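Written out below as structure tokens is the structure these notes cover.
Protein chains: 2
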Amino acid sequence: MNAWKEYQEKNKDRFLQELLELLKIPSVSARSEHRNDMVKCAEAVRDHLLAAGATSATLYPTEGHPVVYGERITDPSKPTVLVYGHYDVQPADPLELWNSGPFEPVIKDGKIFARGACDDKGQFFMHVKALEMMVKTDSLPTNIKFLIEGEEEVGSPNLATFVKANKSLLAADVILISDTAMISMDIPSLDIGVRGLSYIEVEVTGPNRDLHSGVYGGAVGNPITILAKMIASLHDENNRVTVPGFYDDVVVVSAGERKLMAEAPFDEQEYKKDLGVKALWGEKGYTTNERTGIRPTLELNGIWGGYTGEGAKTVLPSKAFAKISCRLVPNQNSEKITKLLIDHLHSIAPESVTLKAELHHGGEPYMTPIDSDGYRAAAKAIETTFGKTPIPVRGGGSIPICSLFEQELGVKIVFMGFGLDSDNLHSPNEKYELFNYYKGIETIPYFHQNFAGNGKA
Amino acid sequence: MNAWKEYQEKNKDRFLQELLELLKIPSVSARSEHRNDMVKCAEAVRDHLLAAGATSATLYPTEGHPVVYGERITDPSKPTVLVYGHYDVQPADPLELWNSGPFEPVIKDGKIFARGACDDKGQFFMHVKALEMMVKTDSLPTNIKFLIEGEEEVGSPNLATFVKANKSLLAADVILISDTAMISMDIPSLDIGVRGLSYIEVEVTGPNRDLHSGVYGGAVGNPITILAKMIASLHDENNRVTVPGFYDDVVVVSAGERKLMAEAPFDEQEYKKDLGVKALWGEKGYTTNERTGIRPTLELNGIWGGYTGEGAKTVLPSKAFAKISCRLVPNQNSEKITKLLIDHLHSIAPESVTLKAELHHGGEPYMTPIDSDGYRAAAKAIETTFGKTPIPVRGGGSIPICSLFEQELGVKIVFMGFGLDSDNLHSPNEKYELFNYYKGIETIPYFHQNFAGNGKA
Numbered sequence: 001m002n003a004w005k006e007y008q009e010k011n012k013d014r015f016l017q018e019l020l021e022l023l024k025i026p027s028v029s030a031r032s033e034h035r036n037d038m039v040k041c042a043e044a045v046r047d048h049l050l051a052a053g054a055t056s057a058t059l060y061p062t063e064g065h066p067v068v069y070g071e072r073i074t075d076p077s078k079p080t081v082l083v084y085g086h087y088d089v090q091p092a093d094p095l096e097l098w099n100s101g102p103f104e105p106v107i108k109d110g111k112i113f114a115r116g117a118c119d120d121k122g123q124f125f126m127h128v129k130a131l132e133m134m135v136k137t138d139s140l141p142t143n144i145k146f147l148i149e150g151e152e153e154v155g156s157p158n159l160a161t162f163v164k165a166n167k168s169l170l171a172a173d174v175i176l177i178s179d180t181a182m183i184s185m186d187i188p189s190l191d192i193g194v195r196g197l198s199y200i201e202v203e204v205t206g207p208n209r210d211l212h213s214g215v216y217g218g219a220v221g222n223p224i225t226i227l228a229k230m231i232a233s234l235h236d237e238n239n240r241v242t243v244p245g246f247y248d249d250v251v252v253v254s255a256g257e258r259k260l261m262a263e264a265p266f267d268e269q270e271y272k273k274d275l276g277v278k279a280l281w282g283e284k285g286y287t288t289n290e291r292t293g294i295r296p297t298l299e300l301n302g303i304w305g306g307y308t309g310e311g312a313k314t315v316l317p318s319k320a321f322a323k324i325s326c327r328l329v330p331n332q333n334s335e336k337i338t339k340l341l342i343d344h345l346h347s348i349a350p351e352s353v354t355l356k357a358e359l360h361h362g363g364e365p366y367m368t369p370i371d372s373d374g375y376r377a378a379a380k381a382i383e384t385t386f387g388k389t390p391i392p393v394r395g396g397g398s399i400p401i402c403s404l405f406e407q408e409l410g411v412k413i414v415f416m417g418f419g420l421d422s423d424n425l426h427s428p429n430e431k432y433e434l435f436n437y438y439k440g441i442e443t444i445p446y447f448h449q450n451f452a453g454n455g456k457a
Numbered sequence: 001m002n003a004w005k006e007y008q009e010k011n012k013d014r015f016l017q018e019l020l021e022l023l024k025i026p027s028v029s030a031r032s033e034h035r036n037d038m039v040k041c042a043e044a045v046r047d048h049l050l051a052a053g054a055t056s057a058t059l060y061p062t063e064g065h066p067v068v069y070g071e072r073i074t075d076p077s078k079p080t081v082l083v084y085g086h087y088d089v090q091p092a093d094p095l096e097l098w099n100s101g102p103f104e105p106v107i108k109d110g111k112i113f114a115r116g117a118c119d120d121k122g123q124f125f126m127h128v129k130a131l132e133m134m135v136k137t138d139s140l141p142t143n144i145k146f147l148i149e150g151e152e153e154v155g156s157p158n159l160a161t162f163v164k165a166n167k168s169l170l171a172a173d174v175i176l177i178s179d180t181a182m183i184s185m186d187i188p189s190l191d192i193g194v195r196g197l198s199y200i201e202v203e204v205t206g207p208n209r210d211l212h213s214g215v216y217g218g219a220v221g222n223p224i225t226i227l228a229k230m231i232a233s234l235h236d237e238n239n240r241v242t243v244p245g246f247y248d249d250v251v252v253v254s255a256g257e258r259k260l261m262a263e264a265p266f267d268e269q270e271y272k273k274d275l276g277v278k279a280l281w282g283e284k285g286y287t288t289n290e291r292t293g294i295r296p297t298l299e300l301n302g303i304w305g306g307y308t309g310e311g312a313k314t315v316l317p318s319k320a321f322a323k324i325s326c327r328l329v330p331n332q333n334s335e336k337i338t339k340l341l342i343d344h345l346h347s348i349a350p351e352s353v354t355l356k357a358e359l360h361h362g363g364e365p366y367m368t369p370i371d372s373d374g375y376r377a378a379a380k381a382i383e384t385t386f387g388k389t390p391i392p393v394r395g396g397g398s399i400p401i402c403s404l405f406e407q408e409l410g411v412k413i414v415f416m417g418f419g420l421d422s423d424n425l426h427s428p429n430e431k432y433e434l435f436n437y438y439k440g441i442e443t444i445p446y447f448h449q450n451f452a453g454n455g456k457a
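If you read the sequences in order, they're chains C and A. Just so we're aligned: the first sequence equals residues 1 to 457 in UniProt numbering. Just so we're aligned: the second sequence equals residues 1 to 457 in UniProt numbering.
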């Protein structure tokens with residue numbers, strides 16, 4: 001459809017400028033000091049939706065940050081696509097490792113550098129611009145709904161309540177999400193699953209106050225040493241997680257599917273070179289792509305305790321802390337794994353310390369069938385704009401709300417992401433390539449076209 | 001000598017006020033932002049020495065913070081006492097655990113609360129006030145020299161150079177140090193040894209940048225997990241240090257001495273209650289007092305890596321860090337232990353990470369003989385003012401410069417400390433009891449009197 005291409009070409013500079021403005025808002029959901037920025041960002045999303053052609057768009061308050069909902073219902077008899085995305089971003093620290101301000105977006109070498117450039121402002125905003133393209137060229141083939149939340153990066157603690165209370169508002173025939181990555185722009189792929197999550201925080205308390213490590217050292221349990229011993233014991237010599245029952249519910253992937261996965265292009269030398277490591281690490285008996293795709297993991301996301309400043313302080317600290325998260329695969333259950341992990345930590349904590357372990361957030365794993373209408377509409381759209389059939393792959397990340405969506409709304413989810421693994425999500429110097437941004441905007445209308453033809457209508 | 005008692009009684013409020021003023025100066029040697037406070041504190045010490053009766057007192061610049069030297073030579077034929085102390089203090093963090101500002105001293109329940117109240121401003125200042133008492137009552141029985149340095153809490157990196165270059169200036173018959181503790185005011189004791197120290201910092205680097213823990217987790221070595229495994233392996237199941245060669249040079253303490261040590265009053269239930277722990281921890285086969293006195297230890301003083309802020313961040317960090325220190329006993333050598341520890345850490349670091357391990361500072365263990373003139377002069381002074389013979393005990397802490405003093409100046413060191421283990425050294429709410437402060441000032445002149453009688457003169 002040349003009208004789309006023509007409209008995009010004529011407006012591409014503005015499409016970019018609008019995204020850059022959105023990236024300037026520091027919408028860090030984890031930090032309470034950004035509460036006002038969250039509202040400001042939600043309002044900007046609402047205004048963009050209305051400007052793009054949504055007939056209504058509203059902020060819905062929640063116990064946490066607001067949800068933005070907008071829609072354009074062209075004809076109730078046509079199929080409805082619900083676009084889900086999130087306007088919140090991860091914290092930007094460590095700030096000193098950024099080459100430019102995380103909320104001062106810059107374009108360099110054809111890439112947009114900013115926190116949220118890819119995850120997920122750059123990606124959900126493609127859908128807003130695709131809506132504009134279709135509306136302005138009078139060619140929107142579906143009904144379209146937008147649900148853009150502000151708490152994805154903290155586990156969507158309030159979205160389930162919103163979804164359950166607004167099932168008819170959100171009723172749709174498919175849910176479309178751009179919050180994942182492709183293998184590369186030369187090797188397009190579509191994620192067919194996201195992993196679940198169980199994210200906890202642990203506090204180990206030894207003595208009731210910081211002590212002089214000379215006067216008390218050697219005689220009193222040091223919470224850092226003890227926390228380290230506990231963490232060390234969570235993986236065995238084959239790097240398998242030792243929490244009893246951890247693997248019990250894991251669906252065994254067939255030799256056939258593993259063989260298919262192994263055919264996806266992957267260059268281990270290139271992977272190691274990109275990360276600057278001499279050797280990889282992971283569960284024995286599985287390849288790198290299997291380790292990040294079909295296997296559950298347990299990772300340390302943070303640790304702290306004692307003196308962490310300049311120079312030396314001879315202290316035996318009172319407390320040590322860690323943030324630990326597990327990625328889960330079908331059919332693991334987040335609540336069950338969280339309980340197993342916390343119970344196990346309590347069981348291995350020695351008597352010389354007390355342990356507090358609490359859930360930050362969780363989410364269930366999700367798989368999408370490749371023979372669904374939605375998946376086929378996405379694959380065909382990619383074929384049209386990339387000239388290649390996308391490879392179905394398992395994604396390593398998590399989108400906590402997916403399984404609830406399917407349960408409450410009764411429809412399948414399609415992950416049509418245009419990011420790259422090298423986009424530095426959750427890291428300093430997050431980026432999104434201009435090519436990918438524009439390619440996404442170009443591809444999305446074809447999804448709607450295909451789904452309107454192939455869907456229930 | 002009633003003139004001393006009378007002088008002290010008349011001036012006790014001023015003695016306290018002067019100390020409080022000194023405690024207001026945040027002389028934190030580890031932090032470069034306190035460089036000017038260090039000079040200010042050194043100048044205050046110099047002025048106090050001159051006011052107390054030192055005939056000269058000077059700041060000597062070093063590569064780091066200045067050394068204060070002062071003296072009063074009454075008669076070259078009399079024995080000379082060199083008083084060593086330090087005007088620098090430990091960092092005050094974690095600030096939020098202080099009940100009052102660390103550099104805003106307050107008196108509560110007969111205790112002075114402030115960083116440095118006991119370690120070591122409150123203790124070395126007793127010697128300045130004792131000098132004043134003896135000079136003003138015209139009864140100083142010895143020559144007296146003061147060496148008050150500003151880098152003890154960072155391992156005295158520049159004091160050795162100063163001592164070696166000023167051997168005749170510092171020439172003395174005994175070195176007297178108040179920087180240790182007594183069992184209690186009811187059970188006076190004298191330390192007969194301090195432990196040595198080897199303090200290192202470790203940096204473990206995995207991938208060259210922070211990664212998304214979903215996209216890369218399970219496939220890339222996590223530096224926190226790997227650092228935890230390394231730390232965990234440093235103690236075996238009997239809590240013995242596993243660094244090869246660590247115990248090779250440790251002097252085996254005789255059954256007789258261990259029996260004597262076991263006779264010193266110690267209430268394990270009280271000790272646990274004070275620290276708020278259900279169980280103690282330490283090397284199998286040794287008592288608590290042995291673990292902190294005659295055995296070497298390895299303690300974690302700090303750890304950090306990844307996301308340590310509010311909420312959750314799903315990051316697989318690039319780096320993790322730890323501060324580790326060993327306390328050493330006779331005849332361990334700090335340099336040798338540091339090398340053994342760093343070599344061992346390199347040997348156990350897996351290929352998926354790179355390790356950097358560097359020395360912060362070290363110091364040798366030191367023992368003082370109980371049949372020396374100095375020890376006997378101190379014991380007799382304690383008998384006079386406490387009415388009890390002090391128990392000789394092994395201290396757990398370190399005063400890095402001790403072994404160098406003996407080597408360069410050829411004299412013995414006497415540790416006459418008036419602190420308590422419960423003084424929260426290096427911790428929030430450091431304190432020094434008024435009773436101990438005044439008791440120290442009262443006792444010190446008797447040391448000089450005894451040493452003048454018993455010493456070489």
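In this text, a Cβ means the ideal position worked out from N, Cα and C, and glycines have one as well. Just so you know, these numbers come straight off a predicted model, no measurement behind them.
Using a C-beta cutoff of 8 Å, does residue 315 of chain C count as contacting chain A?
-> To locate residue 315 of chain C, count along the first sequence from 1; it is residue 315. It does; some Cβ of chain A falls within 8 Å.
Taking just the CA atoms, how far does residue 114 of chain C sit from residue 25 of chain C?
-> Position 25 of the first sequence, counting from 1, holds the residue named residue 25 of chain C. Position 114 of the first sequence, counting from 1, holds the residue named residue 114 of chain C. Answer to the nearest angstrom: the Cα atoms are 10 Å apart.
Inter-residue spacing [alpha-carbon to alpha-carbon] between residue 449 of chain C and residue 108 of chain C = In the first sequence, the residue the question calls residue 449 of chain C occupies position 449. In the first sequence, the residue the question calls residue 108 of chain C occupies position 108. Taking C-alpha positions only, residue 449 of chain C is separated from residue 108 of chain C by approximately 34 Å.
Spatial neighbours of residue 382 of chain A in its chain, beta-carbon cut-off 8 Å, leaving aside the 5 residues before and after | Reading the second sequence from its first residue, position 382 is the one you call residue 382 of chain A. If we look at residue 382 of chain A and ignore the five residues flanking it on each side, its Cβ neighbours are 188, 190, 388, 389, 390, 416, 443.
What are the residues that DSSP puts in a beta bridge with residue 297 of chain C?
-> As a working mapping, residue 297 of chain C is identified with position 297 in the first sequence. Bridge partners of residue 297 of chain C: C:327.
Beta carbon proximity, residue 450 of chain C to chain A, threshold 8 Å = Taking the first sequence and counting its residues from 1, the one referred to as residue 450 of chain C is at position 450. With its beta carbon at least 8 Å from every one in chain A, residue 450 of chain C lies outside the interface.
For residue 52 of chain C, which residues of its own chain have a beta-carbon under 6 Å away from its beta-carbon, when the five flanking residues on both sides are left out?
-> Indexing the first sequence from 1 puts residue 52 of chain C at position 52. So the list reads 128, 131, 132, once near-sequence residues are dropped.
Please check the pair residue 226 of chain C and residue 304 of chain A, which I expect to be a contact at CB under 8 Å, by giving their CB distance rounded to whole angstroms.
-> Within the first sequence, residue 226 of chain C is the residue found at index 226, counting from 1. Within the second sequence, residue 304 of chain A is the residue found at index 304, counting from 1. The beta-carbon distance between residue 226 of chain C and residue 304 of chain A, rounded to whole angstroms, is 17 Å. This is too long to meet the 8 Å contact definition.
Taking a Cβ distance cut-off of 9 Å, strictly less, list which residues of the segment 225–246 of chain C are near chain A, in chain order.
-> Answer set for the segment 225–246 of chain C: 225, 226, 227, 228, 229, 230, 231, 232, 233, 234, 235, 239.
Do residue 414 of chain A and residue 368 of chain A have their C-beta atoms within less than 8 Å of each other?
-> In the second sequence, the residue the question calls residue 414 of chain A occupies position 414. In the second sequence, the residue the question calls residue 368 of chain A occupies position 368. Yes, they are a contact pair.
Cβ neighbour criterion (16 or more within 10 Å) applied to residue 427 of chain C = In the first sequence, counting from the first residue as 1, residue 427 of chain C sits at position 427. Answer is buried; the Cβ neighbour count reaches 16.
Residue 314 of chain C - containing beta strand (DSSP E), residue span = The sequence position of residue 314 of chain C within the first sequence is 314, counting from 1. No beta strand (DSSP E) holds residue 314 of chain C; DSSP gives it neither H nor E.
Have a look at the DSSP bridge pairing and note the partners of residue 346 of chain C.
-> Indexing the first sequence from 1 puts residue 346 of chain C at position 346. Residue pairing by DSSP places residue 346 of chain C opposite no residue, since no beta bridge is assigned to it.
With respect to 7 Å, is the separation between the Cβ of residue 37 of chain A and the closest non-hydrogen atom of the ligand MN below this value?
-> Ligands are entirely absent from the displayed structure, and the ligand MN is therefore not among its contents.
Show which residues of chain A have a CB atom less than 9 Å away from the CB atom of residue 31 of chain C.
-> One-based indexing of the first sequence puts residue 31 of chain C at position 31. Ordered by position in chain A, the residues that pass the 9 Å Cβ test against residue 31 of chain C are 309, 310, 311.
DSSP state of residue 53 of chain C mapped onto helix, strand, coil | Stepping through the first sequence from its first residue, residue 53 of chain C is reached at position 53. Look at residue 53 of chain C here: in three-state DSSP terms it is coil, with no helix or strand label.
Does any C-beta atom of chain A lie closer than 8 Å to the C-beta of residue 280 of chain C?
-> Counting from 1 along the first sequence, the entry for residue 280 of chain C is found at position 280. Closer than 8 Å: yes.
Bridge-paired residues (DSSP) for residue 304 of chain C = Taking the first residue of the first sequence as position 1, residue 304 of chain C is located at position 304. Looking at the DSSP assignment, residue 304 of chain C forms a beta bridge with C:321, A:304.
Mind checking the segment 141–158 of chain A against chain C and listing, in chain order, the residues whose C-beta falls within less than 9 Å of any C-beta there?
-> Across the segment 141–158 of chain A, CB contacts with chain C closer than 9 Å involve 153, 154, 155, in sequence order along the chain.
What residues in the segment 421–444 of chain A have a beta carbon less than 7 Å from any beta carbon of chain C?
-> Flagged, chain order: 421, 424, 425, 426, 427, 428.
Give a yes or no on whether the minimum CB-CB distance between residue 199 of chain C and chain A is below 8 Å.
-> Within the first sequence, the letter at position 199 stands for residue 199 of chain C. The Cβ of residue 199 of chain C sits closer than 8 Å to at least one Cβ of chain A.
Does the separation of the CB atoms of residue 85 of chain A and residue 395 of chain A fall below 8 Å?
-> Here residue 85 of chain A is taken as the residue at index 85 of the second sequence, counted from 1. Here residue 395 of chain A is taken as the residue at index 395 of the second sequence, counted from 1. With respect to the 8 Å criterion, residue 85 of chain A and residue 395 of chain A are not classified as neighbours on the basis of their beta carbons.
What residue range is occupied by the uninterrupted alpha helix (DSSP H) comprising residue 86 of chain C?
-> The sequence position of residue 86 of chain C within the first sequence is 86, counting from 1. Where residue 86 of chain C is concerned, there is no enclosing alpha helix (DSSP H), although the beta strand (DSSP E) it sits in stretches over 80–86.
Is it true that the segment 165–179 of chain A meets the segment 268–283 of chain A, where meeting means three or more beta-carbon pairs spaced less than 8 Å apart?
-> Because the criterion of three Cβ pairs below 8 Å is not met, the segment 165–179 of chain A and the segment 268–283 of chain A do not touch.
Can you tell me the Cα-Cα spacing of residue 252 of chain A and residue 213 of chain C, whole angstroms?
-> Within the second sequence, the letter at position 252 stands for residue 252 of chain A. Within the first sequence, the letter at position 213 stands for residue 213 of chain C. Cα to Cα, the separation comes out at about 22 Å.
Using a Cβ cut-off of 7 Å, which residues of the segment 205–224 of chain C contact any Cβ in chain A, in chain order?
-> Answer set for the segment 205–224 of chain C: 206, 207, 208, 209, 210, 211, 212, 213, 214, 215, 216, 217, 218, 219, 220, 221, 222, 224.
Contacts of residue 327 of chain C in chain A (Cβ-Cβ under 8 Å) = Reading the first sequence from its first residue, position 327 is the one you call residue 327 of chain C. Under the 8 Å cutoff, chain A gives 213, 214, 217, 218.
What three-state label does DSSP hand residue 392 of chain C in the structure shown?
-> Within the first sequence, residue 392 of chain C is the residue found at index 392, counting from 1. The answer is strand: DSSP assigns residue 392 of chain C an E or B state.
How many whole angstroms separate the CB atoms of residue 294 of chain C and residue 329 of chain C, which I take to be in contact at a CB cut-off of 8 Å?
-> In the first sequence, the residue the question calls residue 294 of chain C occupies position 294. In the first sequence, the residue the question calls residue 329 of chain C occupies position 329. With 8 Å as the limit, residue 294 of chain C and residue 329 of chain C qualify as a contact, their Cβ atoms being about 6 Å apart.
Would you tell me roughly how many angstroms separate the C-alpha atoms of residue 148 of chain C and residue 23 of chain C, rounded to the nearest one?
-> One-based indexing of the first sequence puts residue 148 of chain C at position 148. One-based indexing of the first sequence puts residue 23 of chain C at position 23. Take the alpha-carbon of residue 148 of chain C and the one of residue 23 of chain C: they are about 15 Å apart.
Thinking just about the alpha-carbon of each residue, which of A:219, A:230, A:124 is nearest to the one in residue 68 of chain A?
-> The residue you call residue 68 of chain A lines up with position 68 of the second sequence. Per the Cα distances, A:124.
Could you work out which residues of chain A lie near residue 352 of chain C, taking near to mean beta carbons separated by less than 8 Å?
-> As a position in the first sequence, residue 352 of chain C is number 352, starting the count at 1. Residues of chain A with a Cβ closer than 8 Å to the Cβ of residue 352 of chain C are, in chain order, 277, 278, 279, 280, 281.
Assumed close pair residue 301 of chain A, residue 300 of chain C - CB separation to whole angstroms, cut-off 8 Å = Here residue 301 of chain A refers to the residue found at position 301 of the second sequence. Here residue 300 of chain C refers to the residue found at position 300 of the first sequence. Contact flag wrong, Cβ pair sits at about 20 Å.
Top-ranked residue by Cα proximity to residue 105 of chain C, from C:436, C:430, C:347 | For the purposes of this step, residue 105 of chain C is identified with residue 105 of the first sequence, where counting begins at 1. Of the listed residues, the one whose Cα sits closest to residue 105 of chain C is C:430.
Residue 88 of chain C and residue 184 of chain C look like a contact to me (Cβ under 8 Å); what is the Cβ gap, rounded to whole Å?
-> Taking the first residue of the first sequence as 1, we reach residue 88 of chain C at position 88. Taking the first residue of the first sequence as 1, we reach residue 184 of chain C at position 184. Contact doesn't hold; Cβ gap of about 27 Å is too wide.
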